[in-house]
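Undergrad: My questions will all concern the structure given below.
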Amino acid sequence: MDTIRSIGVAIDQTAPVISDEAALVAELKGGSEEAFAYLLAIYQNPLFNLISHMVAEQGEAADVLQNVLLKILRGIRQFNGRSSLKTWIYRIAVHEASNHRRSWRRRLLHEPFSMDDDTLHLSVKSPIYKGGRETPYSVYEKAECQAEVKRALTDLAEPYRAVVVLREIEGLSYDEIAEVLGVAEGTVKSRLRRGREILKRRLAARLSRST
Amino acid sequence: MIFETCSEIRDHFSEYVDGVCAAEAIHSIRYHLSHCVPCTSELERYEALRTELRCLSRQQVSSDLALRLRVQVSQELHRNIFQRVLVHLENFFRPVLFPSVAGSLLALICIALMLGSEAPQASSVPDIPFVTPPRVQVLPSVNLDAGAQPLVLVTYVNAQGRVTSYKIISGQQTLGVIQQLDQMMYYSLFQPATSFGQPTSGQVVLSFRTITVRG
């Protein structure tokens, strides 16, 4: 397998563009703070977005992201280049988010809770009306719609949710998803098909209105 | 690959919308969709679902979290105790180094300026000493025969600079020497001694030695 891959363009304008992944990995293994700053500039937002859709509680995505970063920092020396850096990082993020979700569920089962506890429900950010062509009503409707889709996604069972998020939200290809999850490409296809079916059923009313 | 039922077709919609179906399957699905309204509606719902998912707002890392991540990276990379101490020291001293150096320099400059203004001004008038001894102004040349021993005498000078008396401390005290000394003292003139700038009487010690010049 060719270990040298292009990892794309830096998102942060201030970060220098390192097009050679092997060089970047070498810098990371050498403990270069600049290389890690570059890595953060590229991956912190996609990872945070991925984790936000994977964990049950939105507020815990920051903690999970910090754990992911810690694992990347401590594990970069063991990175052998058999997969791309991107899929290696995403694999850590998906595993960490899944573990966190499992432990959160265990905690939820054992902890007493109040029926008035707002944290049990998905928090929907208040829509912000910015003027322009959108009316306050359309902004609110859009926010409601997003909340409904997010709720359906969060309620999706673990194996399907990971595949759907990686494909639909992060835009990874089938073979990249297979690498991240450590499963065969056929498994990715079947999980994606099943996940989409479930989502389509749950959002049937909304999708009917859309089409 | 030719699909015959709607169920078979719908099983491949997921890959079809992602564009990863084989060419034959794509042809077969397109042919089926051209005459099957329920499957076309089903595919539209697939497309709508994809749109809804892709329109979900992307979560961005807040500036506070971004800063925490940078700090975490820095701390993790400087886990070595020595390096951590260095980083802590640097972080501690860097903000205070410039202000403290600038402050110290400013304080030194202020102190120097204050001391400079407090110092007494140099007077243009020369200082007057409290007491000055009499000084020789005119001493007539006399061929004094003082012998081998030096002749030392104390001379008493009045406020007008004239010698009032003298006393030989050491040396020959012959009559000839005394006559020569009397003559010399009579014609001598001294700058009188002063006390607080006023001329007054004083004493001056004179020493004479015979110098033989050959040739």
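Just so you know, the sequences run in chain order R and E. Sequential numbering from 1 applies to the first sequence in the numbering used here. Sequential numbering from 1001 applies to the second sequence in the numbering used here. Think of the CB as a built atom: it goes at the ideal place given N, C-alpha and C, for glycine as much as any other residue.
How is Asp-1145/E classed by DSSP in three states: helix, strand or coil?
TA: Residue numbering aside, residue 1145/E sits at position 145 when the second sequence is read from its first letter. Three-state DSSP puts Asp-1145/E in coil, outside helix and strand.
Undergrad: So, using beta-carbon positions, are Ser-52/R and Gln-1059/E closer together than 7 Å?
TA: The residue given as residue 52/R occupies position 52 in the first sequence. The residue given as residue 1059/E occupies position 59 in the second sequence. Yes, these two residues count as a Cβ contact at 7 Å.
Undergrad: Per DSSP, which residues does Thr-154/R bridge with? Please list them.
TA: Locating residue 154/R in the first sequence gives position 154, counting from the first residue. Answer by DSSP bridge pairing: none, since Thr-154/R is not bridged.
Undergrad: Can Arg-82/R be considered in contact with the ligand COA, in the sense that its beta carbon sits closer than 6 Å to one or more heavy atoms?
TA: The ligand COA is not part of this structure, which contains no ligands at all.
Undergrad: Here's the rule: buried if 16 or more other CB atoms are within 10 angstroms of the residue's CB, otherwise exposed. What is Tyr-1187/E?
TA: Taking the second sequence and counting its residues from 1, the one referred to as residue 1187/E is at position 187. Tyr-1187/E is exposed by the Cβ-count criterion.
Undergrad: Could you give the distance in angstroms between the alpha-carbon of Glu-27/R and the alpha-carbon of Asp-20/R?
TA: Taking the first residue of the first sequence as position 1, residue 27/R is located at position 27. Taking the first residue of the first sequence as position 1, residue 20/R is located at position 20. If I take the Cα positions, the gap works out to 11 Å.
Undergrad: By a C-beta neighbour count over all protein chains shown, 10 Å radius and 16 as the cutoff for buried, is Phe-36/R buried or exposed?
TA: If you number the first sequence from 1, residue 36/R lands on position 36. Burial call: buried.
Undergrad: Which of the three DSSP states, helix, strand or coil, is assigned to Arg-1135/E?
TA: The residue given as residue 1135/E occupies position 135 in the second sequence. In the structure shown, Arg-1135/E sits in a strand (DSSP, three-state: E or B).
Undergrad: Which residues in the same chain have their Cβ closer than 7 Å to the Cβ of Cys-1006/E, if we skip the five residues on either side of it in sequence?
TA: The residue given as residue 1006/E occupies position 6 in the second sequence. Same-chain partners within the cutoff: Cys-1036, Pro-1038, Cys-1039.
Undergrad: Between which residues of its own chain and Val-1157/E is the CB-CB distance below 8 Å, once the five residues before and five after are set aside?
TA: On the second sequence, position 157 is the one that residue 1157/E refers to. Once the five neighbours on either side are set aside, the close Cβ partners of Val-1157/E are Pro-1134, Val-1163, Thr-1164, Phe-1190, Pro-1192, Ala-1193, Ser-1201, Gly-1202, Gln-1203, Val-1204.
Undergrad: Alpha carbon to alpha carbon, how far is Asn-67/R from Arg-161/R? Give it in angstroms, no decimals.
TA: In the first sequence, counting from the first residue as 1, residue 161/R sits at position 161. In the first sequence, counting from the first residue as 1, residue 67/R sits at position 67. Rounded to the nearest angstrom, the two C-alpha atoms are 21 Å apart.
Undergrad: For Lys-150/R, go through chain E and note every residue whose CB falls closer than 7 Å to its CB, in chain order.
TA: One-based indexing of the first sequence puts residue 150/R at position 150. Within 7 Å Cβ-Cβ: Leu-1056.
Undergrad: Answer yes or no: does any C-beta atom of chain R fall closer than 7 Å to that of Arg-1094/E?
TA: Counting from one through the second sequence, the residue named residue 1094/E turns up at place 94. Cβ-Cβ to chain R under 7 Å: no for Arg-1094/E.
Undergrad: Would you identify the three-state DSSP class for Phe-1208/E, choosing helix, strand or coil?
TA: Along the second sequence, read from residue 1 onward, the residue named residue 1208/E stands at position 208. The answer is strand: DSSP assigns Phe-1208/E an E or B state.
Undergrad: When you compare the CB of Ala-1025/E with every CB in chain R, is at least one pair closer than 7 Å?
TA: Start at 1 with the first residue of the second sequence, and residue 1025/E comes out as number 25. Not closer than 7 Å to any Cβ of chain R, the Cβ of Ala-1025/E fails to qualify, so no.
Undergrad: Give a yes or no on whether 7 Å exceeds the smallest Cβ distance from Ser-1063/E to chain R.
TA: Against the second sequence, residue 1063/E aligns to sequence position 63. No, because no Cβ of chain R sits closer than 7 Å to the Cβ of Ser-1063/E.
Undergrad: How should Thr-1155/E be labelled, buried or exposed, when 16 other C-beta atoms within 10 angstroms of its C-beta is the threshold for buried?
TA: Your numbering for residue 1155/E matches position 155 in the second sequence. It is buried - the Cβ of Thr-1155/E has at least 16 other Cβ atoms within 10 Å.
Undergrad: Between which two residues does the beta strand (DSSP E) holding Ser-1170/E run?
TA: Sequence index remark: in the second sequence, residue 1170/E carries index 170 (1-based). That run of the beta strand (DSSP E) goes 1163-1170.
Undergrad: Cβ closer than 8 Å: which chain R residues qualify as neighbours of Leu-1069/E?
TA: Stepping through the second sequence from its first residue, residue 1069/E is reached at position 69. Leu-40, Gln-44, Leu-65, Gln-66, Leu-69, listed in chain order.
Undergrad: Where in the region 6-92 of chain R do unbroken runs of the alpha helix (DSSP H), each at least 4 residues long, occur, reported from the N-terminal end onward?
TA: Qualifying alpha helix (DSSP H) stretches, in chain order: 21-29, 33-54, 61-75.
Undergrad: For Ala-61/R, collect the residues of the same chain with a Cβ closer than 7 Å to its Cβ; drop the 5 residues on either side in sequence, then sort them by chain order.
TA: For the purposes of this step, residue 61/R is identified with residue 61 of the first sequence, where counting begins at 1. Same-chain partners within the cutoff: Phe-48, Ile-51, Ser-52, Val-55.
Undergrad: Which residues of chain E have a Cβ atom closer than 7 Å to the Cβ of Ile-89/R, listed in chain order?
TA: The residue you call residue 89/R lines up with position 89 of the first sequence. Here the premise fails: no neighbours, minimum Cβ distance about 14 Å.
Undergrad: For my contact list, Met-1184/E and Leu-1139/E are in at a C-beta cut-off of 8 Å; report their separation, rounded to the angstrom.
TA: Locating residue 1184/E in the second sequence gives position 184, where the first residue counts as 1. Locating residue 1139/E in the second sequence gives position 139, where the first residue counts as 1. Correct: roughly 7 Å between the Cβ atoms.
Undergrad: I think Val-180/R touches Leu-1053/E, with their Cβ atoms under 8 Å apart; what is that distance to the nearest whole Å?
TA: One-based indexing of the first sequence puts residue 180/R at position 180. One-based indexing of the second sequence puts residue 1053/E at position 53. In fact, because the Cβ distance is near 18 Å, the residues do not count as touching under 8 Å.
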